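So the structure is just underneath, and the comments pick up after that.
There are 2 protein chains.
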Amino acid sequence: MASRSAGAPGKARGELSAVDALAQLSFLIHGALERRVAEHDLSIIQTRLLGVLRDRTPTMNELAKLLELDKSSITGLVSRAERRGLVARATSSADRRAVLVSLTAAGRSLASAIASRFEADVSMMLESLPPSDRKALPRLASQVLVDHASRQGIDLFATTDS
Amino acid sequence: MASRSAGAPGKARGELSAVDALAQLSFLIHGALERRVAEHDLSIIQTRLLGVLRDRTPTMNELAKLLELDKSSITGLVSRAERRGLVARATSSADRRAVLVSLTAAGRSLASAIASRFEADVSMMLESLPPSDRKALPRLASQVLVDHASRQGIDLFATTDS
DNA sequence: TATTGTTATACTCTATAACTATA
DNA sequence: TATAGTTATAGAGTATAACAATA
Chain A
4 MASRSAGAPG
14 KARGELSAVD
24 ALAQLSFLIH
34 GALERRVAEH
44 DLSIIQTRLL
54 GVLRDRTPTM
64 NELAKLLELD
74 KSSITGLVSR
84 AERRGLVARA
94 TSSADRRAVL
104 VSLTAAGRSL
114 ASAIASRFEA
124 DVSMMLESLP
134 PSDRKALPRL
144 ASQVLVDHAS
154 RQGIDLFATT
164 DS
Chain B
4 MASRSAGAPG
14 KARGELSAVD
24 ALAQLSFLIH
34 GALERRVAEH
44 DLSIIQTRLL
54 GVLRDRTPTM
64 NELAKLLELD
74 KSSITGLVSR
84 AERRGLVARA
94 TSSADRRAVL
104 VSLTAAGRSL
114 ASAIASRFEA
124 DVSMMLESLP
134 PSDRKALPRL
144 ASQVLVDHAS
154 RQGIDLFATT
164 DS
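Sequences listed follow chains A and B, in order. Counting from 1 along the first sequence, just add 3 to a position and that's the residue number in my numbering. Counting from 1 along the second sequence, just add 3 to a position and that's the residue number in my numbering.
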């Protein structure tokens, strides 16, 4: 369990189990993002919405798949963001049932501000490591991500323009 | 932004920025836990509640500090867990205002089941790495955690029995 | 008076089921 | 008929403010 206290069974003092260490790091980063975006009165899911809209203008349906939520949840999520002027709805001209969601200028600027703040937060966490380890950690993380994605038949670096 | 697509500016194809890699790994682990505990109709916060109770019997107030929630949020959280028979309330004999929260046998067994399932999930993610890296990743994660904690004046490995 | 916990209230987030409009 | 999206409804999770009981 991630939130259990440090002393895992069978581990020497001053050590976390592999799983504990990764789980706690995950909570640390997640929590840092949560606190950061809370300063802008955003939740994690609202932030993810802004994030996926930075380089897409998906339909509500596509948004539901991207965020792994039910379409009815997307309705409310987008409506609250729209009420705050962060995103805009537009009826698709190709299919008049479909609604296209895009970032407003305000939404884009907020997304950028958060991204750079958060980047600084994570960089700060890494600064305690010696320079060689500071490169190794993201490299290993990438490796796990790429392998995990490929295990699901996804190429993390697939490009549309090829 | 963590949920942005892979190609970060200024990065060669096939690479994630350091921050992106860590953020995405964090979301991967968080999501894996979320899906795992959903099988038992638990949320992340309910799971964290069970987790902190594995080696503590705190008051509501202490629980609020441990989980970084308002005490009024703890009331509902504990009540829902209590209704499911996972935790129990008991009035403190030392201070009759205080309520002590503990894990029931059912709660403890559920917490153990989840911990071992989740441990397997994370181990599986690590198995794609060569053995040396498989040790390095948790080691680096621990280092970041310990340094982060000490920066806040906390000794992650403090013991009560010394 | 101060502290512990609960209650009342309000809002976000989520899902299921029923609905409308378009295809 | 099938699909895209919204609405109605219900419940978890969260915070603020007001409250009761105990210290």
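The beta-carbon is built from N, C-alpha and C at its ideal position, and this holds for glycine as well. Since this is a predicted model, take the numbers as computed values, not measurements.
Check	Outcome
Distance CB(B:L143)-CB(B:L129) smaller than 8 Å	no
Cβ of B:E42 within 8 Å of any chain A Cβ	no
Per-residue DSSP class, three states only, for B:S82	helix
Within chain A, partners of B:V147 - CB distance below 8 Å	L28, L31, M128, L129, S131, L132 and L140
Nearest to A:I32 (by Cα), restricted to the options A:G156, A:V125 and A:D136	A:V125
Neighbour flag for B:D73 against chain A, beta carbons, 8 Å	no
CB of A:L106 within 8 Å of CB of A:L56, strictly	yes
A:G79 classed as buried or exposed, judged by whether at least 16 other C-beta atoms fall within 10 angstroms	exposed
A:L72 in three-state terms, based on DSSP	coil
Min CB distance B:V104 to chain A below 8 Å	no
Boundaries of the alpha helix (DSSP H) in which A:R92 is found, first to last residue	Per DSSP, A:R92 belongs to no alpha helix (DSSP H); it is in the beta strand (DSSP E), V90 to T94.
Status (buried if at least 16 other CB within 10 Å, exposed otherwise) for A:Q27	buried
A:R137 versus A:E122 - alpha carbon distance	14 Å
Endpoints, the beta strand (DSSP E) within which A:S20 is located	Where A:S20 is concerned, there is no enclosing beta strand (DSSP E), given that its DSSP letter is neither H nor E.
Residues near B:E71 by beta carbon distance below 6 Å, same chain, minus five either side	none
Given 8 Å, three or more beta-carbon pairs between the segment 106-119 of chain B and the segment 83-91 of chain B	yes
DSSP beta-bridge partners of A:V104	A:R92
Where B:T62 sits in the DSSP three-state scheme	strand
Beta-carbon spacing of B:A101, B:T62 below 8 Å	yes
8 Å CB neighbourhood of B:L148 in its chain, flanking five on each side removed	L159
Residues that B:L45 contacts on chain A, provided the C-beta gap is smaller than 9 Å	Residues of chain A passing the Cβ test: none, with the nearest at roughly 11 Å.
Reduced DSSP secondary structure (H/G/I, E/B, other) of A:P12	In this prediction, A:P12 scores a pLDDT of 39, lower than 50, which makes its location untrustworthy; the coordinate-derived value is nonetheless stated afterwards. Looking at A:P12 - three-state DSSP - the assignment turns out to be coil, as it is neither helix nor strand.
Beta carbon proximity, B:G90 to chain A, threshold 8 Å	Sequence inspection shows Val at residue 90 of chain B; the Gly mentioned does not correspond to that position. It does not: the Cβ of B:V90 has no partner Cβ on chain A nearer than 8 Å.
Euclidean distance between Cα positions of B:Q49 and B:R83	9 Å
Through-space distance from B:S29 to B:I157, alpha-carbon basis	22 Å
Cβ-based burial, B:G54 [other Cβ within 10 Å; buried from 16]	buried
B:E122: contacting residues in chain A (beta-carbon distance under 7 Å)	V22
Range of the contiguous alpha helix (DSSP H) that encloses A:A97	Note, A:A97: premise wrong, no alpha helix (DSSP H); not H, not E.
Straight-line Cα distance separating B:L66 from B:R154	23 Å
Separation of A:L25 from A:Q146, as counted between CA atoms	14 Å
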